[in-house]
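Sequential numbering of the sequence shown, starting at 1, is according to UniProt numbering. Each residue gets a CB set at the ideal place from its N, CA and C atoms; glycine is no exception. Written out below as structure tokens is the structure these notes cover.
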Amino acid sequence: MSDYPSQAVRMEARSNVSVRTKQHFAPTAIQGLEVLSLPVARLDAYVRDLVERNPLLDFDYDHGSLSFEELPDEDGDASADAETAAEGFDTRPPSAIAWDARGFDLARLRDECSQTETLHSHVRMQLTGARVGEEDRALLDALIENIDDDGYFSGSMHALCAEAGRSIEDGQRLLELVQQLSPRGVGARDLAECLALQIDDGLPYADVIRDMLRTGLDDLAENRTTKLMRAYHLTIDDLAAIREVICTLDPRPGSSFSQRKGTVYVIPDITIRRDGTAFSVQVTGELSETLVLNGAYDRMAQRGGMDDEAREWLHEKRAEADAALANIDQRRQTLHRFGVFLAEVQYDFFMGGEARMRPLTMQQAADALGVHVSTISRTVQDKYALTPWGVFPLKHFFSSSVACSAEERRHALSSLAIKDRIKDLVAQEDRRTPLSDATITAILNGEGVDIKRRTVAKYREALGIGRQSQRRR
């Protein structure tokens, strides 16, 4: 982390140099920090544009490299005269050389890249490489085909299993496999199951929420607060926190895939996955991960026989290609570092959900990563993260729930965490001189939490903790 500022300086310096060359070499090139600001969908469009304009850049789908020495000519001589090859610079568009040499159909590739992903294709993609026996494939495919536009399984399990010659237990096992995939809640048979599938085990009240969804959904809908509090032994604040969690769940997890053609779908720029109590961060690369230098043109330059104008053009394209690759790599590194930082600073959120979100400013993120706040602004601009709790705009993680003194404490506590702190203070107090609400308020204020005495009293009562006089022994 300590060397990052110097990398940022180099990136900005490279951007400044590129701006000067941009007018001479590539008027449409996007440089430096501008690349950082691109969300992944626009980054892919930028990368495709680069490949069209610059024959030194190519997509390495199969990790192979096709050189001009390997291309046959009419005379059967693989080592064609360099001057003949150089004539291609003047008579054909550079992109035509690159694409014709590999036999790609650029129009077809564009069509494939622009096809709208369906819910069924999204689910099947996640099952690629899954250990599913051949005897289960037909039934699994039938189950997926019977998921409706909202993400619910709407078929007849008995009929599908009978048609596939499999047992109901096999069908249930395969449906549970589908229910583990994204979007969370997919494959559910009713609303209660759909919402319950979105509850993470690490969430506070997870078991209570699942049970409430199964047996008390009508009570929730009708706002029967007293009945729910008695049935599940909850305080009013506990029930309010549970309602907040349920309100974040998606009752139609497949709906984002069923919009009309032409709708732009969100593609997460980073994915934060949970593995027990740890998290891993992955940056979505799409086409940029396959972008490489085409070495054939370098080999042509080394042969000689090329006129000065062609050689100058080649050098300019090489400089542009190097800058583009460096900028894209810098974007990937910055997003990854930001994702790791986010997983650390918002750890409680990723473990426990929205109620555990910690306040965070862009300036705090910039200070922690050693970059300018404008870099953070570009990093989060129009970008999204796929998390255990769903897809969120990166800007979402800069929201605050409780005001705090940033100088004394970087992260404020959520209401649930404040309650935990109050319980700890009361548990450690001297029973002969228990803490008053005013004293507890002063302690929390000293720890950087901006909270009033009446709020402390409300939290204390919600926890079932008596007043100071009632706790004195």
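Handout entry: Span separating the alpha-carbon of E408 from that of G448
Key = Residue placement at E408 is flagged as unreliable, the pLDDT there being 34, under the threshold of 50; a coordinate-derived value is accordingly withheld.
Exercise for the section: List in chain order: all unbroken alpha helix (DSSP H) runs of 4+ residues lying wholly within the stretch 313-353. Expected result: 347-352
Problem - First and last residue of the uninterrupted beta strand (DSSP E) at R453 - result: Where R453 is concerned, there is no enclosing beta strand (DSSP E), although the alpha helix (DSSP H) it sits in stretches over 453-462.
Practice task
Tell me the start and end of each unbroken alpha helix (DSSP H) in the stretch 226-312 that is at least 4 residues and wholly inside, in chain order.
Solution key: 236-247, 296-303
Practice task
Taking all protein chains shown into account, decide if L71 is buried (16 or more other Cβ within 10 angstroms of its Cβ) or exposed.
Solution key: Any reading at L71 must be qualified, since the residue scores a pLDDT of 34, below 50, and its modelled position is unreliable; the value itself is stated next. Looking at its Cβ environment, which holds fewer than 16 other Cβ atoms inside 10 Å, L71 is exposed.
Exercise for the section: Grab me the residues of P388's own chain with a C-beta within less than 7 Å of its C-beta, minus the 5 sequence neighbours each way, in chain order. Expected result: D200, R274, F350
Exercise for the section: Inspect the CB distances between the stretch 311-326 and the stretch 225-245 and report whether three or more fall short of 8 Å. Expected result: no
Problem - Assigned secondary structure, V186 (DSSP; H/G/I helix, E/B strand, else coil) - result: coil
Exercise for the section: Label S280 either buried or exposed according to how many other C-beta atoms from any shown protein chain fall within 10 Å of its C-beta, with 16 as the threshold for buried. Expected result: exposed
Problem - C-beta contact flag for L386 and F341 at 8 Å - result: no
Practice task
Could you tell me the boundaries of the beta strand (DSSP E) in which G446 lies?
Solution key: For G446, there is no enclosing beta strand (DSSP E); the enclosing alpha helix (DSSP H) covers residues 437-446.
Handout entry: DSSP-derived helix/strand/coil call for Y46
Key = helix
Practice task
Express the C-alpha separation of A164 and F392 in angstroms, rounding to a whole number.
Solution key: 39 Å
Exercise for the section: Would you mind reading off the limits of the alpha helix (DSSP H) that contains G370? Expected result: No alpha helix (DSSP H) holds G370; DSSP gives it neither H nor E.
Handout entry: Sheet register partners of A196 (DSSP bridge)
Key = Note: A196 sits in no beta bridge, so no partner.
Practice task
Pull up the distance between the alpha-carbon of G202 and that of G352, whole angstroms please.
Solution key: 6 Å
Problem - Beta-bridge partners of L386, as assigned by DSSP - result: Answer by DSSP bridge pairing, in chain order: T271, V391.
Practice task
Check the DSSP bridge columns for L57 and list the partner residues they point to.
Solution key: L293
Handout entry: N223: CB within 7 Å of a non-hydrogen atom of the ligand SAM
Key = Among the components modelled here there is no ligand, and therefore nothing to report on the ligand SAM.
Handout entry: Residue environment, R331, which counts as buried when at least 16 other CB atoms sit within 10 Å
Key = Sixteen is the threshold: when 16 or more other Cβ atoms of the shown chains lie within 10 Å of the Cβ of R331, as they do, the residue is buried.
Problem - Euclidean distance between Cα positions of residue 556 and M362 - result: Coverage of the chain is limited to positions 1 through 473, which leaves residue 556 absent and any answer about it impossible.
Exercise for the section: Note the first and the last residue of the continuous alpha helix (DSSP H) segment covering S121. Expected result: 119-126
Handout entry: CA-to-CA distance, V208 to Y232, given in whole angstroms
Key = 7 Å
Problem - Separation of H120 from I147, as counted between CA atoms - result: 8 Å
Handout entry: Close beta carbons around D58, own chain, < 7 Å, minus the five adjacent residues each side
Key = V51, A98, V292, N294
Problem - Run of the alpha helix (DSSP H) containing L360, from where it starts to where it stops - result: That residue, L360, is in no alpha helix (DSSP H); it is neither H nor E in DSSP.
Problem - Span of the alpha helix (DSSP H) around I168 - result: 168-178
Exercise for the section: In angstroms with no decimal places, state the Cα-to-Cα distance between S377 and D348. Expected result: 23 Å
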